[in-house]
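In this note's numbering, the protein residues as written are 205 to 425.
Backbone N, C-alpha and C define an ideal beta-carbon position, used for all residues, glycine too.
Given the structure is predicted, the values throughout are model-derived calculations rather than measurements.
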Amino acid sequence: MIFYAILEGLLAGLILSIFVGPIFFTMLQLGVEHGFRAAFALALGQWIGDLMYIFLAFWGAIWVEEIITDPEKQATFLWYSGTFGGCLLILFGLGLLLTKSISTEISDKIDISQHKVSMKAYFAYTTQGFLINTINPTPLLFWMGLMAFAISNNYHSGASFALFVAVMTVVVIMDVLKIYLAKHIRSRLKSHHFLYVRRLAGLVLSGFGLFLLLKFGFKLF
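#1: Taking the beta carbon of Ser356 as the centre, do at least 16 other beta carbons fall within 10 Å, making it buried, or is it exposed?
#2: Which residue comes first and which comes last in the alpha helix (DSSP H) that contains Phe229?
#3: If you draw a straight line from the C-alpha of Ile310 to the C-alpha of Ser322, how long is it?
#4: Would you kindly check if the distance between the Cβ of Leu293 and the Cβ of Gly413 is under 7 Å?
#5: Measuring only the C-alpha atoms, how far is Phe426 from Gly297?
#6: Mapping the DSSP letters down to three states, classify Ile339 as helix, strand or coil.
#7: May I have the straight-line CA-CA distance separating Leu385 from Asp254, to the nearest angstrom?
#8: Rounded to whole angstroms, what's the CA-CA distance from Tyr326 to Gly411? Just pull it up for me.
#9: By how many angstroms is the C-alpha of Ile210 removed from the C-alpha of His360?
#10: Quick one: what does DSSP say His360 is sitting in, helix, strand or coil?
#11: With distances taken Cα to Cα, identify the nearest neighbour of Arg403 among Thr230, Gly217 and Leu218.
#12: Return the CA-CA distance between Leu214 and Gly349, expressed in angstroms with no decimal places.
#13: Give the straight-line distance between the Cα atoms of Leu416 and Ile339, rounded to the nearest whole angstrom.
#14: What do you get for Gly217, buried or exposed, if any count of 16 or more other CB atoms within 10 angstroms of its CB means buried?
#15: Please list, in chain order, all residues of the same chain as Phe288 whose beta carbon is under 7 Å from its beta carbon, the five residues on each side excluded.
#16: Quick check on the burial criterion: 16 or more other C-beta atoms within 10 angstroms. Buried or exposed for Glu276?
#17: For Thr330, which of Thr373, Glu212, Trp251 and Ala261 has the nearest alpha-carbon?
#18: Could you tell me the distance, in whole angstroms, from the CA atom of Tyr186 to the CA atom of Thr342?
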């Protein structure tokens, strides 16, 4: 059973990694503007959020099953997460659209790699990654659905643990590859291209936030 749980976890992790959500574009924007470490800090926040959801799903299986099977509880959960998550994504998106980072203003004659990022900024990126990933119903629904899958297949605790570990392993590997991709793209861009990437990320974040508000946030009104 554990072997099949690992295979299913690897497949689920690959599907989750291929999904292009707001965190991907933010990761791309940070990787292009500020380098590998900044994007890694954002990804770290995302992983912390995922681990928190795994803990809730793994140790709160009864709570997860109640939300999935009870339409009223599910609607309430989606409304709160969709409303707060949508507003947060819109704010992050507007922040990217209306501001410029230092790296977008650096001259082409200056090596972009010389731009330094403070520890305070790294902490802010980790917090941003955590918030984008947690105040958003999609990741939690994924982990809840995965727990429901384990319950429906009568997985024992060892198999369920192997399932979640396999998913997170793929997610971490794929995220690191995405960050390396951003680093590779970074070396080929000129200074004015950084602003385009920043604006694209802002549009995507705002678009996802607006979608969440329209899809979930207004349903109870």
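Here's the rundown:
#1: With fewer than 16 Cβ atoms within 10 Å of its Cβ, Ser356 is classed as exposed.
#2: In the DSSP annotation of this structure, the continuous segment of the alpha helix (DSSP H) that includes Phe229 starts and ends at Pro226 to His238.
#3: Confidence in Ile310 is poor, its pLDDT being 48 and thus under 50, which makes the residue's placement too unreliable to answer from.
#4: Yes; because the gap between Cβ atoms is below 7 Å, this pair is in contact.
#5: This structure leaves residue 426 out entirely; the chain is present only between 205 and 425.
#6: It is coil, neither helix nor strand.
#7: Whole-angstrom Cα-Cα distance: 22 Å.
#8: Rounded to the nearest whole angstrom, the C-alpha separation of Tyr326 and Gly411 is 25 Å.
#9: For His360 and Ile210, the distance between alpha carbons rounds to 13 Å.
#10: Coil at His360, not helix or strand.
#11: When each option's Cα is compared against that of Arg403, the closest is Thr230.
#12: If you draw a straight line from the Cα of Leu214 to the Cα of Gly349, it comes to about 15 Å.
#13: So the two alpha carbons sit approximately 11 Å from each other.
#14: It counts as buried.
#15: Cβ neighbours of Phe288 beyond the five flanking positions: Ile339.
#16: With a 10 Å radius around the Cβ and a threshold of 16 neighbouring Cβ atoms, Glu276 comes out exposed.
#17: Distance check between Thr330 and each of Thr373, Glu212, Trp251 and Ala261 places Trp251 closest, using alpha-carbon atoms only.
#18: Only positions 205 to 425 of the chain appear in the structure, and residue 186 is not among them; the question remains open.
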